[in-house]
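Engineer: Count the sequence shown with our numbering and you get residues 49 to 246, in order. Next up is a structure, given as C-alpha coordinates.
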Amino acid sequence: MKKFFQALLLSLLNISFVFAMKQVNIGVVLPMTGPISAFGQQTWQGMKLAHDIKPTVKINGEEYKVNLILMDNRGDKAESANAASRLITEKKVKVLLGAVASSNSIAMSEVAEKNKTPMVSPASTNPLVTQGKKYVFRVCFIDPFQGYVAAKFARSHLKAKTAAVLIDLAQDYSVGLAKSFMKSFRKLGGRIIYTGYY
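Written as C-alpha coordinates, this is what we have:
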(Lines of atoms letter the chains of each structure in order from A; the text may use other names.)
(Lines give C-alpha, C1' and ligand atoms only; values in the text may rest on other atoms or scores of the structure.)
Protein backbone atom coordinates (compact mmCIF):
# COMPACT_ATOMS: atom_id res chain seq x y z
CA MET A 49 0.00 0.00 0.00
CA LYS A 50 2.88 2.35 0.83
CA LYS A 51 4.39 1.78 -2.65
CA PHE A 52 1.04 2.54 -4.24
CA PHE A 53 0.86 5.94 -2.50
CA GLN A 54 4.47 6.68 -3.41
CA ALA A 55 3.72 5.91 -7.06
CA LEU A 56 0.53 7.98 -6.92
CA LEU A 57 2.38 10.92 -5.36
CA LEU A 58 5.14 10.67 -7.95
CA SER A 59 2.65 10.63 -10.84
CA LEU A 60 0.76 13.60 -9.37
CA LEU A 61 4.05 15.49 -9.14
CA ASN A 62 4.78 14.64 -12.78
CA ILE A 63 1.32 15.81 -13.83
CA SER A 64 1.70 19.09 -11.93
CA PHE A 65 5.11 19.60 -13.57
CA VAL A 66 3.55 19.21 -17.01
CA PHE A 67 0.80 21.69 -16.16
CA ALA A 68 3.32 24.11 -14.64
CA MET A 69 5.57 24.05 -17.71
CA LYS A 70 5.63 27.34 -19.57
CA GLN A 71 4.35 27.43 -23.13
CA VAL A 72 5.59 29.11 -26.29
CA ASN A 73 3.10 29.74 -29.10
CA ILE A 74 4.27 29.24 -32.66
CA GLY A 75 2.04 30.40 -35.50
CA VAL A 76 1.76 28.25 -38.61
CA VAL A 77 0.30 29.65 -41.85
CA LEU A 78 -0.37 27.04 -44.53
CA PRO A 79 -2.84 26.44 -47.39
CA MET A 80 -5.09 23.79 -45.83
CA THR A 81 -7.80 24.51 -48.42
CA GLY A 82 -7.65 25.96 -51.91
CA PRO A 83 -5.64 25.15 -55.04
CA ILE A 84 -2.36 24.19 -53.30
CA SER A 85 -3.91 22.56 -50.22
CA ALA A 86 -2.13 19.21 -50.79
CA PHE A 87 1.20 20.97 -50.32
CA GLY A 88 -0.02 22.67 -47.13
CA GLN A 89 -1.51 19.48 -45.70
CA GLN A 90 1.71 17.53 -46.31
CA THR A 91 3.76 20.29 -44.68
CA TRP A 92 1.40 20.33 -41.68
CA GLN A 93 1.73 16.55 -41.32
CA GLY A 94 5.52 16.96 -41.25
CA MET A 95 5.30 19.72 -38.64
CA LYS A 96 2.98 17.64 -36.45
CA LEU A 97 5.34 14.66 -36.72
CA ALA A 98 8.28 16.81 -35.64
CA HIS A 99 6.16 18.18 -32.78
CA ASP A 100 5.20 14.65 -31.69
CA ILE A 101 8.88 13.70 -31.56
CA LYS A 102 9.97 16.89 -29.77
CA PRO A 103 7.00 18.73 -28.16
CA THR A 104 9.22 20.99 -26.04
CA VAL A 105 12.05 23.44 -26.61
CA LYS A 106 14.75 24.82 -24.35
CA ILE A 107 15.13 28.60 -24.31
CA ASN A 108 17.89 30.06 -22.13
CA GLY A 109 18.07 26.79 -20.20
CA GLU A 110 14.33 26.68 -19.46
CA GLU A 111 12.01 24.04 -20.94
CA TYR A 112 8.88 25.25 -22.77
CA LYS A 113 5.94 23.32 -24.20
CA VAL A 114 5.51 24.15 -27.91
CA ASN A 115 1.96 25.06 -28.92
CA LEU A 116 1.44 25.10 -32.70
CA ILE A 117 -1.41 27.38 -33.81
CA LEU A 118 -2.47 26.68 -37.41
CA MET A 119 -4.22 29.18 -39.68
CA ASP A 120 -5.39 28.40 -43.22
CA ASN A 121 -4.31 30.99 -45.80
CA ARG A 122 -6.21 29.19 -48.62
CA GLY A 123 -3.13 29.72 -50.81
CA ASP A 124 -3.85 33.46 -50.97
CA LYS A 125 -1.44 36.40 -50.47
CA ALA A 126 -3.88 38.63 -48.60
CA GLU A 127 -5.01 35.75 -46.37
CA SER A 128 -1.35 34.98 -45.60
CA ALA A 129 -0.69 38.54 -44.44
CA ASN A 130 -3.95 38.63 -42.45
CA ALA A 131 -3.22 35.29 -40.77
CA ALA A 132 0.30 36.42 -39.82
CA SER A 133 -1.08 39.65 -38.37
CA ARG A 134 -3.79 37.85 -36.35
CA LEU A 135 -1.33 35.29 -35.03
CA ILE A 136 1.03 38.03 -33.83
CA THR A 137 -1.56 40.41 -32.38
CA GLU A 138 -4.32 38.09 -31.14
CA LYS A 139 -2.57 34.79 -30.43
CA LYS A 140 0.70 36.40 -29.25
CA VAL A 141 2.92 33.96 -31.16
CA LYS A 142 6.67 34.33 -30.77
CA VAL A 143 7.57 32.77 -34.15
CA LEU A 144 5.82 32.28 -37.50
CA LEU A 145 6.23 29.21 -39.73
CA GLY A 146 5.07 29.40 -43.34
CA ALA A 147 4.03 29.75 -45.96
CA VAL A 148 4.81 27.21 -48.66
CA ALA A 149 4.38 29.42 -51.73
CA SER A 150 6.70 32.36 -52.41
CA SER A 151 3.87 34.84 -53.09
CA ASN A 152 2.26 33.99 -49.77
CA SER A 153 5.55 34.04 -47.87
CA ILE A 154 6.49 37.44 -49.31
CA ALA A 155 3.17 38.84 -48.03
CA MET A 156 3.73 37.23 -44.61
CA SER A 157 7.33 38.39 -44.42
CA GLU A 158 6.30 42.05 -44.58
CA VAL A 159 4.09 41.56 -41.50
CA ALA A 160 6.75 39.57 -39.65
CA GLU A 161 9.44 42.15 -40.37
CA LYS A 162 7.22 45.08 -39.34
CA ASN A 163 6.39 43.34 -36.03
CA LYS A 164 9.95 42.08 -35.44
CA THR A 165 8.63 38.53 -35.22
CA PRO A 166 10.95 35.78 -36.48
CA MET A 167 9.53 33.88 -39.46
CA VAL A 168 10.83 30.70 -41.08
CA SER A 169 9.56 29.58 -44.47
CA PRO A 170 9.89 25.84 -45.08
CA ALA A 171 9.62 25.94 -48.86
CA SER A 172 9.52 29.41 -50.42
CA THR A 173 12.39 29.82 -52.85
CA ASN A 174 12.00 33.35 -54.25
CA PRO A 175 14.91 35.50 -52.99
CA LEU A 176 12.47 38.34 -52.13
CA VAL A 177 11.11 36.27 -49.22
CA THR A 178 14.21 37.04 -47.13
CA GLN A 179 16.01 39.77 -49.08
CA GLY A 180 16.67 42.84 -46.92
CA LYS A 181 14.91 41.36 -43.90
CA LYS A 182 16.38 40.78 -40.43
CA TYR A 183 13.62 38.56 -39.02
CA VAL A 184 12.77 36.29 -41.98
CA PHE A 185 14.55 33.03 -42.83
CA ARG A 186 14.11 29.96 -45.01
CA VAL A 187 15.22 26.33 -44.76
CA CYS A 188 15.35 25.54 -48.47
CA PHE A 189 17.32 26.53 -51.56
CA ILE A 190 16.49 29.61 -53.66
CA ASP A 191 15.33 30.14 -57.25
CA PRO A 192 18.76 31.02 -58.71
CA PHE A 193 20.07 27.63 -57.55
CA GLN A 194 17.05 25.73 -58.89
CA GLY A 195 17.14 27.64 -62.18
CA TYR A 196 20.82 26.86 -62.68
CA VAL A 197 20.37 23.15 -61.88
CA ALA A 198 17.39 22.87 -64.26
CA ALA A 199 19.29 24.69 -67.04
CA LYS A 200 22.38 22.55 -66.53
CA PHE A 201 20.27 19.39 -66.64
CA ALA A 202 18.57 20.55 -69.86
CA ARG A 203 21.90 21.41 -71.52
CA SER A 204 24.11 18.58 -70.20
CA HIS A 205 21.78 15.60 -69.86
CA LEU A 206 19.00 16.36 -72.31
CA LYS A 207 21.39 18.02 -74.78
CA ALA A 208 18.78 20.75 -75.35
CA LYS A 209 19.95 23.65 -77.47
CA THR A 210 16.67 25.57 -77.29
CA ALA A 211 13.93 25.95 -74.70
CA ALA A 212 10.43 27.37 -74.45
CA VAL A 213 9.37 28.80 -71.08
CA LEU A 214 5.81 29.24 -69.76
CA ILE A 215 5.43 31.61 -66.81
CA ASP A 216 2.48 31.94 -64.41
CA LEU A 217 2.54 35.68 -63.70
CA ALA A 218 0.34 35.25 -60.62
CA GLN A 219 3.04 33.24 -58.83
CA ASP A 220 6.29 34.83 -57.67
CA TYR A 221 7.77 31.33 -57.58
CA SER A 222 7.07 30.80 -61.29
CA VAL A 223 8.39 34.24 -62.26
CA GLY A 224 11.58 33.91 -60.20
CA LEU A 225 12.35 30.37 -61.29
CA ALA A 226 11.75 31.16 -64.97
CA LYS A 227 14.02 34.20 -64.79
CA SER A 228 16.80 32.15 -63.17
CA PHE A 229 16.38 29.26 -65.62
CA MET A 230 16.50 31.53 -68.69
CA LYS A 231 19.58 33.40 -67.46
CA SER A 232 21.44 30.15 -66.69
CA PHE A 233 20.30 28.41 -69.89
CA ARG A 234 21.65 31.30 -71.99
CA LYS A 235 24.94 31.36 -70.06
CA LEU A 236 25.34 27.66 -70.78
CA GLY A 237 24.97 28.32 -74.53
CA GLY A 238 21.26 27.60 -74.91
CA ARG A 239 18.70 29.78 -76.67
CA ILE A 240 15.21 30.66 -75.41
CA ILE A 241 12.95 30.48 -78.46
CA TYR A 242 9.62 31.22 -76.76
CA THR A 243 8.46 32.85 -73.53
CA GLY A 244 4.75 32.56 -72.81
CA TYR A 245 2.82 34.20 -69.99
CA TYR A 246 -0.46 33.23 -68.41
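All C-beta atoms, glycine included, are put in the ideal place defined by N, C-alpha and C. No experiment lies behind these values; they were computed from the predicted model shown.
Within this structure, are the beta carbons of V187 and V168 separated by less than 8 Å?
Structural biologist: Going by C-beta atoms, V187 is nearer than 8 Å to V168.
Engineer: Say whether the stretch 207-226 touches the stretch 179-186, bearing in mind that this needs 3 or more beta-carbon pairs closer than 8 Å, one atom from each stretch.
Structural biologist: Touching, no.
Engineer: CB V148 to CB T81, shorter than 8 Å?
Structural biologist: For V148 and T81, no; Cβs fall outside 8 Å.
Engineer: Keeping to the same chain, check which residues put their C-beta closer than 8 Å to that of R134; ignore five residues upstream and five downstream.
Structural biologist: Here the set comprises M119.
Engineer: Which same chain residues, not among the five before or five after A199, have their C-beta less than 6 Å away from its C-beta?
Structural biologist: Cβ neighbours of A199 beyond the five flanking positions: F229, S232, F233, L236.
Engineer: Please check the pair Y242 and A202, which I expect to be a contact at CB under 8 Å, by giving their CB distance rounded to whole angstroms.
Structural biologist: The pair is not a contact, with the Cβ atoms about 14 Å apart (cut-off 8 Å).
Engineer: Rounded to whole angstroms, how far is the Cβ of D191 from the Cβ of N174, which I believe are closer than 8 Å?
Structural biologist: Yes, they are in contact, since the Cβ atoms of D191 and N174 sit about 6 Å apart, within 8 Å.
Engineer: Can you name, in chain order, every residue of its own chain whose Cβ lies under 8 Å from the Cβ of S172, other than the five neighbours on each side?
Structural biologist: Taken in chain order, the residues that qualify are A147, V148, A149, S150, N152, S153, I154, R186, C188, Y221.
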